[in-house]
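Colleague: Here it is, the structure, as structure tokens.
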Amino acid sequence: MMIFNHGCSHNVDGTGTRLVFYLKGCNFCCDWCGAPESISPQVQTMYYPNRTVIAGQSVTADWVISKALRSKALIDGVTFGGGEPTLQAEELISVLQTLQADQIHTALESNASTPAYKAVIKHVDQLFSDLKTLDHNKFALRINRNSSLLDTVKSNLQYAACNHKDLTIRIPVITGLNDQPADQQMLAEFLQQIHRQGGKFKVELLRQHHIAEPKYAALRRDYPCKGVSVPDDGCMAEFKALLNQHSIEVL
Numbered sequence: 003m004m005i006f007n008h009g010c011s012h013n014v015d016g017t018g019t020r021l022v023f024y025l026k027g028c029n030f031c032c033d034w035c036g037a038p039e040s041i042s043p044q045v046q047t048m049y050y051p052n053r054t055v056i057a058g059q060s061v062t063a064d065w066v067i068s069k070a071l072r073s074k075a076l077i078d079g080v081t082f083g084g085g086e087p088t089l090q091a092e093e094l095i096s097v098l099q100t101l102q103a104d105q106i107h108t109a110l111e112s113n114a115s116t117p118a119y120k121a122v123i124k125h126v127d128q129l130f131s132d133l134k135t136l137d138h139n140k141f142a143l144r145i146n147r148n149s150s151l152l153d154t155v156k157s158n159l160q161y162a163a164c165n166h167k168d169l170t171i172r173i174p175v176i177t178g179l180n181d182q183p184a185d186q187q188m189l190a191e192f193l194q195q196i197h198r199q200g201g202k203f204k205v206e207l208l209r210q211h212h213i214a215e216p217k218y219a220a221l222r223r224d225y226p227c228k229g230v231s232v233p234d235d236g237c238m239a240e241f242k243a244l245l246n247q248h249s250i251e252v253l
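So this note's numbering is basically just the index in the sequence shown, starting at one, shifted up by 2.
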């Protein structure tokens with residue numbers, strides 16, 4: 003299993019205090035990504051002004067399980083983020099099964115775009131999945147050239163909403179991608195359709211930020227969103243109100 007980091011968080015990557023493993027490798031290349039070191043499945047060197055960081059570590063399933071068991075008394079559960087964790091589905095499922103057998107709460111953060119997604123989420127107590135856009139052209143330009151993956155995302159989210167007991171759909175609100183009324187209307191109508199089909203989920207809106215800009219410099223990469231203004235409070239409030247009008251619960 004390839005990871006690029008691990009550590010603890012509180013009420014960010016799941017309920018309560020979480021031990022989080024960040025899996026390396028992603029089939030998306032979002033130009034606003036907050037963790038660009040997560041995209042490549044290979045070990046990378048990050049060159050900061052005052053230090054060098056190695057991003058990438060190959061670990062065994064037993065190593066992950068051991069870390070979790072030693073922390074069991076101090077945490078409320080274990081979360082797997084990324085990157086895209088379901089790209090490492092075989093090892094991930096093995097770890098999830100062991101953790102659940104040891105009564106450790108599990109959570110997953112996923113872009114919902116892989117064939118393995120449905121198999122993985124069967125072993126997850128709490129699920130966070132992204133929905134970024136429903137526009138195939140924007141998807142191809144800013145996320146993955148293979149825009150057919152968007153259809154997989156839609157199908158997987160519909161499945162998860164109807165079959166998983168604790169799903170939060172996260173929508174990153176990104177300038178030029180989904181910050182305009184027409185894009186938000188499409189998203190609201192799609193989610194309303196899932197809701198009417200019996201799907202159960204909550205929505206979390208995540209505002210675009212520029213916190214990761216130094217990471218791009220450390221990777222010797224240009225920052226794609228340099229100088230781009232982020233959605234303002236009015237945009238966020240209007241999007242939330244629109245979702246509420248479509249009977250969608252927003253956190």
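C-beta: ideal position from N, C-alpha, C; glycine also.
What did DSSP end up calling A109 once you bin it into helix, strand or coil?
Modeller: If DSSP states are grouped into helix, strand and coil, A109 belongs with the strands.
Colleague: Would you grab the beta carbon distance between M238 and R209 for me? Rounded to a whole angstrom, and I think it's under 8 Å.
Modeller: At roughly 6 Å, the Cβ-Cβ gap stays under 8 Å, so M238 and R209 are in contact.
Colleague: Who are the Cβ neighbours of M188 in its own chain at under 7 Å, not counting the five residues just before and after it?
Modeller: Taken in chain order, the residues that qualify are L136.
Colleague: Is the distance from the Cβ of Q1 to the Cβ of A109 below 8 Å?
Modeller: With the chain covering only 3 through 253, there is no way to say anything about residue 1.
Colleague: Have a look at D132 and M48 and give me their C-alpha separation to the nearest angstrom.
Modeller: The straight-line gap from Cα to Cα measures roughly 27 Å.
Colleague: Measure the C-alpha to C-alpha separation of F30 and T19 and round it to an integer number of angstroms.
Modeller: Distance between the alpha carbons of F30 and T19: 28 Å.
Colleague: Name the residue from D64, S249, V80, W34 whose alpha carbon lies nearest to the alpha carbon of H12.
Modeller: Closest by alpha carbon: V80.
Colleague: Measure the C-alpha to C-alpha separation of E191 and T54 and round it to an integer number of angstroms.
Modeller: In a straight line, the C-alpha of E191 is about 46 Å away from that of T54.
Colleague: List the DSSP bridge partners of V80.
Modeller: L21, T108, per the DSSP bridge assignment.
Colleague: Between N52 and the ligand ATP, is the CB less than 7 Å from at least one heavy atom?
Modeller: Looking for the ligand ATP in the displayed structure turns up nothing, as the structure carries no ligands at all.
Colleague: Identify whether Y50 lies in helix, strand or coil by the three-state DSSP scheme.
Modeller: Strand.
Colleague: Quick test of your reading: V66 and V22, contact by CB under 8 Å. State the CB separation rounded to the nearest angstrom.
Modeller: Incorrect: roughly 11 Å between the Cβ atoms, too far for contact.
Colleague: How do the segment 158-172 and the segment 110-124 stand: do at least 3 beta-carbon pairs fall below 8 Å, yes or no?
Modeller: Judged by Cβ distances under 8 Å, the segment 158-172 makes contact with the segment 110-124, as three or more pairs qualify.
Colleague: Could you check if S112 is buried or exposed, using at least 16 other CB atoms within 10 Å of its CB as the buried criterion?
Modeller: When all chains shown are included, S112 counts as buried.
Colleague: Can you name, in chain order, every residue of its own chain whose Cβ lies under 8 Å from the Cβ of I41, other than the five neighbours on each side?
Modeller: Excluding residues within five positions, the ones whose Cβ falls inside 8 Å are G27, C28, F30, C31, C35, G85.
Colleague: Kindly indicate which residue of Q44, H248, V205 has the alpha-carbon position closest to the one of Q195.
Modeller: The option with the nearest alpha carbon to Q195 is H248.
Colleague: Which residues in the same chain as P43 place their Cβ atom closer than 7 Å to its Cβ, once the five residues preceding and following it in sequence are excluded?
Modeller: Counting only Cβ-Cβ distances below 7 Å, and skipping sequence neighbours, we find M4, K26, G27.
Colleague: Please list, in chain order, all residues of the same chain as S60 whose beta carbon is under 6 Å from its beta carbon, the five residues on each side excluded.
Modeller: These residues qualify, in order along the chain: M4.
Colleague: Would you grab the beta carbon distance between Y50 and T88 for me? Rounded to a whole angstrom, and I think it's under 8 Å.
Modeller: Not confirmed; about 30 Å, so no contact.
Colleague: Using the Cβ count rule (16 or more neighbours within 10 Å means buried), how would you classify T229?
Modeller: Sequence check: residue 229 is Gly here, not Thr. Classification for G229: exposed.
Colleague: For the alpha helix (DSSP H) holding S150, just list the boundary residues, first then last.
Modeller: Where S150 is concerned, there is no enclosing alpha helix (DSSP H), given that its DSSP letter is neither H nor E.
Colleague: Just how far apart, CA to CA, sit V232 and T62?
Modeller: In a straight line, the C-alpha of V232 is about 39 Å away from that of T62.
Colleague: Name the DSSP bridge partner or partners of Q59?
Modeller: According to DSSP, which records beta bridges pairwise, Q59 is partnered with I5.
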